[in-house]
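Read the structure below first, then the notes.
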Amino acid sequence: MANKDNGLTPMMKQFFTLKAKHPDALLLFRCGDFYETYCEDAVTASKILGITLTRRNNGGNKGSAEMAGFPHHALDTYLPKLVRAGKRVAICDQLEDPKLTKTLVKRGITELVTPGVAMSDNVLNYKENNFLAAVHFGKYSCGVSFLDISTGEFLTGEGTYDYVDKLLGNFSPKEVLFDRAKKQDFEKYFGNKFFTFELDDWVFTEQSAHQKLLKQFGVKSLKGFGVDHLKSGVIASGAILQYLELTQHTHIGHITSLSRIEEERYVRMDKFTIRSLELLQPMQEDGSSLLNVIDKTVSPMGARMLKRWVVFPLKDEKPINERLDIVEYLFREPEFRQLIDDQFHQIGDLERIISKVAVGRVSPREVVQLKIALQAIQPVKKACQCAKNDALKRIGEQLNLCVLLRDRIDKEVKNDPPQLINKGGVIADGVNRDLDELRNISYNGKDYLMKIQERETQETGISSLKIGYNNVFGYYLEVRNTYKDKVPESWIRKQTLVQAERYITQELKEYEEKILGAEDKILSLETKLFNDLVMSMQEYIPAIQINANLIARLDCLLSFAKTSEENNYIRPVIDTTDVLDIKKGRHPVIETQLPLGERYVPNDIYLDTEKQQIMIITGPNMAGKSALLRQTALIVLMAQVGCFVPAESARIGLVDKIFTRVGASDNISLGESTFMVEMTEAANILNNVSPKSLVLFDELGRGTSTYDGISIAWAIVEYLHEHTKARARTLFATHYHEMNEMEKNFSRIKNYNVSVKELDGKVIFLRKLERGGSEHSFGIHVAEIAGMPKSIVKRANVILKQLEDDNSTVGTAGKPTHEIASSREGMQLSFFQLDDPILCQVRDEILGLDINNLTPVDALNKLNDIKKIVKGK
């Protein structure tokens, strides 16, 4: 957009010069009381913001340019809309007072706002982190880093491309940085689902990264953060700091550490599992997710942490039981629970407020909210210290009341200040003597003038004396002509009227100077005092960040206790065995969505690696097989997150990975069919499964022919059973009733079915899991209740009956495994029932033969004709 034409107006030259610095960003150009956009930016802004698009003259005969703008005070309204639309926005402000210059106002870009570095409350979702990510393609591994500038959380990790892809999916960054030379690699491994920005290759160097990180943290080594061995992760982290400098986010004192993402601490779940289990988002618009059900957090920090917990369940017994101990304590101590619940409602977003302190954007109201939060922490700290739970006592000990800061805010800032410092009325009375005097002059000016008037009237005897004001002389004393002989010699005559004289005094002039500049001086002094207070708050950033983290953790556990009480959950038993024993388990989400009066049918699940490793679950459509699989995974996940679970009892032998292959999906944009996606997900499971994993397969192999489908399903189940390294606890739901034959040949495979009842030709779904296989799917019945035309349902039943009759002599029930495929060949004898055009033509040729008059040569010729039909010649 840059233009070198000297015929442009000086202001437009200035605009194009600044625009050239960030050509990919939409430039908001401050002109007086407005932010203006020009040229292509104006067209884009008018569409996104719904504002009027006009034109302005560029100067001379250079034509005009598109223009669209909005009042500068509406920035907080319009900026979020641009950022949410995925735009990078460069804010260009006036760097000097237009009143004090006679030339072109100096302007400069004061901030570059992008989706990954937003700080405005209007842009941020208080229940979500706003992560900026960077990816570095190292020689031996891929590094990734995540920063939420609004909270100061800074994380890094490295591993395979699949691992980094999983982290990107779990953290859901709003913007991802990468080396522009690696664009093809990025799109190959991570797709194009992220808002991205490309940086130069020099940013992704070890020297540059270390220099940035060491300077940020004021250390000589990264060993203290436990990340020094993560070469690619460190480079990605350094790239993020470089990007902050590029976007002019230089006040980042709240970024105080870099933490390693400890993969070994958490249960591994791939993006397929997170999606199919509906952990964060429902698949249907009117549906619900697990997070929706268990999130009863009070604080924004708690809501953000809970979301992280759900996708990063723990896999170590001790920390899980520590969480469960606290949940149980909260559950059994209602007074303690009510106390911290009440206090948490007063705390607000402590994490983001203290981050605003670091970047110098905290408002007076937020400072007061910080004080209220510190006051609310006091009874929480005391209650935790007195709790009969060691983990709660440790939380109580770590909470920092920051008493000096809390008391200083209470003393220096009014309890109900305005949102903006430039509105005045922020600093309390009694804090600064000069400020108090100025306020007294400004607010009590009339009283002071009346006192002067009364005093002078009494001293001079001029009864008609009055004090007035005009723009020429300022304040004056007016004396009617009848009393002018009583005017003291010290008064200075300034104006003669027809019937009076006007005078000034030294006292009035001094007061005038005070009162006329008082408002500006008050505002300037309040701003200085407030900024001094904010600066002094910087040293409390680490302590308050720790407070925010502890409150968030306690808030999550409080949420678990509330949910457990409301939904009748129980505490699971956590151990390191391979036993998964759930009695009367329920689906935590479905049971909350049932119609009034309808109860969820609970079921038992038992899995181990010695007797019942794999459950083959058959049963009709809509009987509840998929729900049963999902509820098992959700109960395990909830337990390892540290929450009580929906069951009568639950023993959870710790799981290291949860894999699901549930539901049909495709990826047409990448040329992947439903079956291809299904096989990709299945391959991912089999390549990463371990004996401690939980695997859920639902309708595997339905996307291809019956023979292929059964063969693949059989081989996968056999692999999970026979390979020691892949001996995972598995639930396998299927419509392939032939799979029931596996129980006879494999010791740890057991058949189960979700039962139904037929009554008067109708199917009643009992949704109860029972021992033994099932031979019916009732697909036609499901089609009927789905609203399929009755004629189609009727015809389908006729065809089904014919197929069953034709194949009754070639069924597979009871036959050995090696005979299943050969016996299924008998089904090909029913091809005359089908509508394949070639088969129909063959049938017609055969039916048209006159066998009685057919010579051997005619028979051979006819056979040759049929052969040509089959070959398509």
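Residues 0 to 872 (numbering that gives the first Met the number 0) make up the sequence shown, in order.
Cβ coordinates follow ideal geometry from the N, Cα and C atoms, glycine included.
These numbers were taken from a predicted model, which means no experiment stands behind them.
Your pair Tyr242 and Leu276 does not check out as a contact, with CB atoms roughly 34 Å apart and the cut at 8 Å. Contact check between the segment 376–386 and the segment 416–435: fewer than three CB pairs, one atom from each, fall below 8 Å, which does not count as touching. Counting only runs of 4 or more residues that sit fully inside the segment 85–142, no alpha helix (DSSP H) segment turns up. Judged by beta-carbon spacing, Ile90 lies within the 8 Å limit of Leu27, meaning their Cβ atoms are closer than that value. The count of Cβ pairs closer than 8 Å, one atom from the segment 176–195 and one from the segment 209–222, stays below three, leaving the stretches out of contact. At a Cβ-Cβ threshold of 8 Å, Ile604 and Ile573 do not count as neighbours.
Excluding the 5 residues flanking it on each side, Lys767 has same chain C-beta neighbours closer than 8 Å at Val600, Asn602, Val753 and Ser754, in chain order. Of the candidates Lys583, Met787, Leu7 and Leu81, Leu81 places its Cα closest to the Cα of Val42.
Closest by C-alpha distance to Tyr468, out of Ser462, Glu477, Ile461 and Gly460, is Glu477. Under the three-pair Cβ rule at 8 Å, the segment 297–307 counts as touching the segment 543–561.
Your pair Leu338 and Ile543 does not check out as a contact, with CB atoms roughly 21 Å apart and the cut at 8 Å. Nearest to Thr109 by C-alpha distance, out of Thr102, Thr100, Gln93 and Leu103, is Gln93. Here the C-alpha atom of Ser489 lies approximately 23 Å from the C-alpha atom of Gly444.
Contact annotation: Pro363 and Pro416 have beta-carbon atoms nearer than 8 Å.
Here DSSP, grouped into helix, strand and coil, assigns Glu609 to coil. Rounded to whole angstroms, Gly31 and Ile47 show a C-alpha spacing of 23 Å. Close CB contacts of Ala638 within its chain, under the 7 Å cut and outside five residues either way in sequence, are with Pro571, Ile573, Val644, Ala649 and Ile651 (chain order). Under the three-state reduction of DSSP, Pro312 is assigned to coil, being neither helix nor strand. Residues Leu52 and Ala67 of the same chain have their beta carbon placed closer than 6 Å to that of Ser45, with the five preceding and five following residues left out of the count. A distance below 6 Å between beta-carbons, with the five flanking residues on each side excluded, links Leu146 to the following residues of its chain, in chain order: Leu131, Phe153 and Ile239. By alpha-carbon distance to Gly584, the top candidate from Gln537, Arg360, Arg492 and Ala626 is Ala626.
About 5 Å separates the beta carbon of Ser354 from that of Gly151, a gap short enough to meet the 8 Å contact definition. Note on geometry: alpha-carbon atoms of Gln630 and Val366 lie some 45 Å from one another.
Contact between the segment 169–182 and the segment 131–145 is established, with three or more Cβ pairs separated by less than 8 Å.
A distance below 8 Å separates the beta carbons of Gly232 and Ser144.
Burial check for Asp40: the Cβ neighbour count within 10 Å reaches 16 or more, so the residue is buried. Within a 10 Å sphere around the beta-carbon of Ile273 sit 16 or more other beta-carbons, which makes this residue buried. By the CB criterion at 8 Å, Phe194 and Pro114 fall inside the cutoff. Contact check for Ser149 against Leu123 passes: the beta carbons are separated by less than 8 Å. Closest by C-alpha distance to Ser258, out of Asp227, Gln612, Asp341 and Met282, is Asp227.
Counting the other Cβ atoms within 10 Å of the Cβ of His344 gives fewer than 16, which makes it exposed. Taking Ser256 as the centre and dropping the five residues before and after it, the same chain places the C-beta of Phe153, Phe216 and Phe224 closer than 8 Å to its C-beta, in chain order.
Measuring C-alpha to C-alpha distances from Val654 to each of Asp406, Thr608, Asn683 and Cys401 identifies Thr608 as the nearest. Across the structure, Gly618 and Gly771 are spaced so that their CA atoms are roughly 10 Å apart. By the Cβ rule, the segment 545–552 does not count as touching the segment 454–471, because fewer than three pairs are nearer than 8 Å.
The three-state reading of DSSP puts Met282 in coil, since its state is none of H, G, I, E or B.
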